[in-house]
Amino acid sequence: MPWFWILVGALVALVLLAIVGYNHLVRLRNEVGTGWANIDVQLQRRADLIPNLVETVRAYAAHERGVFEEVTRARTELQRAGTPGSAAAANEGLTAALGRLFAVAEAYPELRASENFLQLQEDLTDTEDKISAARRYYNATVMAFNTAVQSIPWLLLARPLGFREREFFSAQGDTAVPEVSFRP
């Protein structure tokens with residue numbers, strides 16, 4: 017009879033462990049979702065600032081049409097990105113395009129002194145800082161989630177319950193200095 021109670025106790029302990037593990041994985045998955053939402057909000061804010069910035073520069077530099085089209089195309093790609101990998105690639109393209117836009121702005125001293133341009137530039141810089149902070153938070157939560165999903169004992173629950181590793185938001189493009197060229 018004592019073996020029966022030991023077996024019942026062991027089963028209860030396993031069920032409790034499974035419940036705790038499942039709740040832990042759900043919490044981590046939700047943190048990853050929150051982290052991605054934070055990045056998405058900041059990327060959208062950045063995309064929303066860009067048309068105003070482009071219009072401000074366009075008023076001073078109407079002949080730089082190729083740069084404006086490139087920024088617009090890169091912004092559209094960023095808005096269409098649905099995964100961290102595609103968003104990171106689109107973000108890299110937009111960062112390069114904005115570097116060229118700012119290079120155009122450098123050629124117009126009256127534009128650089130424009131209060132509207134300066135405010136947009138400051139807002140964009142602030143947004144870049146927020147994207148960086150959101151990316152760090154997201155990547156930290158993805159690391160915690162992926163570690164849990166790949167580690168025993170949660171590995172035994174994760175795969176059968178549909179928990180899969182998540183993709184990191186790469187900063188490859190943000191580590192390089194954007195290429196800036198002044199066209200004659």
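Positions in the sequence shown are counted from 1; adding 16 to them yields the numbering used here. Where a beta carbon is used, it is the ideal one built from N, C-alpha and C, also for glycine.
query, result
"When V42, L177, A29, A53 are compared against T99, the one with the closest alpha-carbon", "A53"
"Residue environment, E126, which counts as buried when at least 16 other CB atoms sit within 10 Å", "exposed"
"With 16 other Cβ atoms within 10 Å as the buried cut-off, status of W21", "exposed"
"Contact under 8 Å by Cβ, L117 with T72", "no"
"Rounded C-alpha distance that separates V24 from R175", "26 Å"
"Where E138 falls, given that 16 or more other Cβ within 10 Å makes a residue buried", "exposed"
"Distance between G37 and W170 (C-alpha atoms, nearest Å)", "6 Å"
"Residue from L114, V28, L44 whose Cα sits closest to the Cα of A63", "L114"
"Alpha carbon of L167 to alpha carbon of L41, nearest angstrom", "The sequence given here has Ser at residue 167, not Leu. Roughly 11 Å between the two C-alpha positions."
"Close-in-space but distant-in-sequence residues of the same chain around N155 (CB under 7 Å, 5 per side omitted)", "F184, F185"
"A164 beta carbon less than 8 Å from that of L44", "yes"
"Pairwise C-alpha distance: A119 and S197", "Low confidence applies here, because S197 scores a pLDDT of 39, under 50, leaving its location unreliable and the question unanswered by this model."
"Whether A34 touches L134 by CB criterion (8 Å)", "no"
"Exposure of T191, with buried meaning 16 or more beta-carbon neighbours within 10 Å", "Since pLDDT at T191 reaches only 44, below the 50 mark, its modelled position is unreliable, and no value is offered."
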